[in-house]
Amino acid sequence: MIVSSLKLRNWRNFRSSEISLSQRTFVLGANAAGKSNLLDVFRFLRDICSSQGGGLQSALQLRGGFSKVRCLSARQRPYIEIDITLKASSDSEDSWRYRLSITQEPRGFRRPIVEREEVYKNDERILKRPNADDDADPERLIQTHLEQVNDNVKFREISRFFGAITYLHLVPQLLRYADAISGRIIETDPFGQGFLERVAKTPERSQKSRLKRIEAALKIAVPNLRELKFERDEATGRPHLAALYEHWRPNAGWQQEDQFSDGTLRLIGLLWALLEDESLLLLEEPELSLNSGIVQQMAPLIYRMQRQRRRQVILSTHSVDLLSDKGIAPEEVVLLDTSGESTQAVNLSDLDEPYSLVKAGFSVGEAVLPKTIPRQIELFSTVSD
Amino acid sequence: MVLFSEDILLEQAARRIIASIAPNVFVGSTMGNKGYNYFAKSLPSIKRSLNGIKFVVFLDGDKLGQLCPIQQIHQWFGDPVPPNLCLRFAIHEVETWLICDRTNLANFLSVSPNVVPDLDDSVPDTKEVLLGVARKSRDRGVRDDMLPAANHSSAIGPAYNSRLTEFIQDHWDINEARGKSESLDRACRALEAFL
Chain A
1 MIVSSLKLRN WRNFRSSEIS LSQRTFVLGA NAAGKSNLLD VFRFLRDICS
51 SQGGGLQSAL QLRGGFSKVR CLSARQRPYI EIDITLKASS DSEDSWRYRL
101 SITQEPRGFR RPIVEREEVY KNDERILKRP NADDDADPER LIQTHLEQVN
151 DNVKFREISR FFGAITYLHL VPQLLRYADA ISGRIIETDP FGQGFLERVA
201 KTPERSQKSR LKRIEAALKI AVPNLRELKF ERDEATGRPH LAALYEHWRP
251 NAGWQQEDQF SDGTLRLIGL LWALLEDESL LLLEEPELSL NSGIVQQMAP
301 LIYRMQRQRR RQVILSTHSV DLLSDKGIAP EEVVLLDTSG ESTQAVNLSD
351 LDEPYSLVKA GFSVGEAVLP KTIPRQIELF STVSD
Chain B
386 MVLFSEDILL EQAARRIIAS IAPNVFVGST MGNKGYNYFA KSLPSIKRSL
436 NGIKFVVFLD GDKLGQLCPI QQIHQWFGDP VPPNLCLRFA IHEVETWLIC
486 DRTNLANFLS VSPNVVPDLD DSVPDTKEVL LGVARKSRDR GVRDDMLPAA
536 NHSSAIGPAY NSRLTEFIQD HWDINEARGK SESLDRACRA LEAFL
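Going down the list, the protein sequences come from chains A and B. Per the working numbering: the first sequence ends with 385, consecutive numbering throughout. Per the working numbering: the second sequence ends with 580, consecutive numbering throughout.
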């Protein structure tokens, strides 16, 4: 299943936006434009549907409460609304639509409550709330039906889809020093601390075949790397990745992940994630710590890895190199426009000028990134002390 | 020696040409790959570097307009051309050089050989021609990679460059293509003399 469109009202810094999404979507914007906030919509839905202590109240609490999530420039109608359409695949007609509005209790504890919750299957409405049960017992409105196993039978499919959404922002240092830091791992491990454990738990056959494909990609990207394998420390049983680097002394070149470069670790984590699952994958700035040659290849690499599992990828980026690939279509790009009071997310294909530039043969990077540079960037270098 | 190319496909083609005519020459660093405008911006720096460093530059010829290649080079670098420079144009685009190896391209794209047109440097806009050939491919993978998706308005598909890179590296017969494309033949001869 893929998310084909998204409508937001008063979500964080988006007062009102509507965008369409494709199998591969690139989210661009200046610093603090709200790229992470946009990705957070999907993480929010995931948190509502999470099988371990999920739910609307906890998803809002995780984000500091209703008032932190609602747009500061929200006007007359102070509710938050997420309206999302899903399709079986990018060219399929079968669709789901989930619409959720959240507001606060008018008095008392002012808890966040469901103002409206609707589910449509192929345009036919199969859920509408508040319903008679909610009128009889308003307490029910503190939970969505999405999170309720008893109530979501007819649309379990979309609840599962949201629940399986993955967010990845691998921080190489956390993985490399996992033992020394021994930090708490957040439930879905967005920062990759438990990455090796995940590799270890994968059934041997898929583990081997994924590592083989990652190895093939790495051979192109990392000079002198020849082989990648998974192993366990004989004494402690700890899982490790080891890579063989070409070296004048045979067998001298095996290195474990604590010696890998940041870029190599991030790339392995990213490629693994692409092969791991079929649900939506959110990537935060995947270009970090990678050299520009590899970053230039990243868009086609993601596409090629996606082909196997049809996994939808939404990624945020700043990188001109990543967007230099002319195979990126304007329809795959979402631009965050900060020129107004609140940020507006727009599809590049809806903007005349950059759209014409890309059609004429410029890459998205050339056509759009100048737009995301703050207008007074020249002054940046004059800031001192 | 520095290899400066307009885009990634030209760089791959240049590497194959250099490897085939001068296998012992080591390409020190590669630059460019960011389009023609980047080349235009880099022009002053390239000129200054030419005092001590050899530059091989590959550009698509579709920017030449009415000028002939040597006029353009004189405009940029003066007359005589600096001895450390070898600048070649693919006329009109690098795709011509690939299409001129008809048999291998047909095999690679899974089309019958007569689908690949028999053309030479006189035909403009050969990227379109090549996309037209890919459209007739029997292999869905080729079509998906090389052509933009149905509702997408990019000029090329998501893995157009990766597919053609694979072709250039593993299948492209330069000698076959030289027979048809004059600009490729001249580029090979110029590099032979230069390296």
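Heads up, the beta-carbon is just placed ideally off N, CA and C, and yes, glycines get one too. Quick caveat, the model's predicted, so the values are computed rather than measured.
Between Y421 of chain B and chain A, the shortest Cβ-Cβ separation is not below 7 Å.
Around K128 of chain A, the same chain offers E118 as residues with beta carbons nearer than 6 Å, after the five sequence neighbours per side are excluded.
Between V295 of chain A and S261 of chain A, the CB-CB gap reaches or exceeds 7 Å. Residues of the region 337-353 of chain A with a C-beta less than 9 Å from any C-beta of chain B: S349, listed in chain order.
By the neighbour-count criterion, in which a residue is buried when 16 or more other Cβ atoms sit within 10 angstroms of its Cβ, P172 of chain A is buried. Counting only the Cα atoms, L280 of chain A lies some 7 Å from A164 of chain A.
Counting along the chain, R401 of chain B sits inside the alpha helix (DSSP H) bounded by residues 393-406. Ranked by Cα distance from R525 of chain B, the first of B:G413, B:L494, B:S538 is B:L494.
Chain A places no beta carbon closer than 7 Å to that of S414 of chain B, leaving this residue out of the contacts.
Residue B:L428 holds the alpha-carbon nearest to the alpha-carbon of G463 of chain B among B:F443, B:I476, B:K439, B:L428. Secondary structure of N224 of chain A (DSSP, three-state): coil. In terms of beta-carbon proximity, G517 of chain B stays away from the interface with chain A, with every pair separated by 7 Å or more. I126 of chain A and S4 of chain A have their C-alpha atoms roughly 20 Å apart.
Interface with chain A (7 Å Cβ-Cβ cutoff): S430 of chain B is excluded. Within 10 angstroms of the beta-carbon of D277 of chain A lie fewer than 16 other beta-carbons, which makes it exposed. Listed in chain order, the non-local C-beta contacts of A491 of chain B below 6 Å within the same chain comprise P498, V501, local neighbours out to five positions each way being set aside. For the C-beta of I541 of chain B, the chain A residues within less than 8 Å are, from N- to C-terminus, K326, G327. Taking 7 Å as the threshold, the shortest C-beta distance from S427 of chain B to chain A does not fall below it. The three-state secondary structure of Y177 of chain A, taken from DSSP, is coil.
When the beta-carbon positions are compared, T415 of chain B and E391 of chain B stay at least 7 Å from each other. When secondary structure is reduced to three states using DSSP, F362 of chain A falls in the coil class, being assigned neither helix nor strand.
If you look at S434 of chain B, you'll find it in the alpha helix (DSSP H) that goes 421-434.
With a cut-off of 8 Å on Cβ pairs, the region 334-350 of chain A is not in contact with the region 301-310 of chain A, counting fewer than three such pairs. For C573 of chain B, the enclosing alpha helix (DSSP H) begins and ends at 567-579. Around the CB of D486 of chain B, 16 or more other CB atoms lie within 10 Å, so the residue is classed as buried. Within chain B, the C-beta atoms nearer than 9 Å to that of K359 of chain A come from S538, S539, A540, in chain order. Within chain A, no C-beta atom comes less than 7 Å from the C-beta of N469 of chain B; the nearest is roughly 25 Å away. Neighbours of P509 of chain B in chain A, taken as residues whose beta carbon is under 7 Å from its own, are absent, since the nearest beta carbon is some 14 Å off.
Interface annotation, A398 of chain B: not in contact with chain A, CB-CB separation never under 7 Å. A32 of chain A sits in coil when the DSSP states are folded into three classes, being neither helix nor strand. Leaving aside the five residues that flank T550 of chain B on each side, the residues in its chain whose CB is nearer than 8 Å to its CB run, in chain order, I393, L394, Q397. Note on V153 of chain A: under 16 other CB atoms within 10 angstroms of its CB, so exposed under the neighbour-count rule. Only P543, A544, Y545, N546, S547 from the region 543-555 of chain B bring a Cβ to less than 8 Å from some Cβ of chain A.
Just so you know, the alpha carbons of T166 of chain A and S363 of chain A end up roughly 29 Å apart. The region 132-141 of chain A makes no contact with the region 93-100 of chain A; the number of CB pairs closer than 8 Å stays below 3. Sixteen is the threshold: when 16 or more other Cβ atoms of the shown chains lie within 10 Å of the Cβ of R563 of chain B, as they do, the residue is buried.
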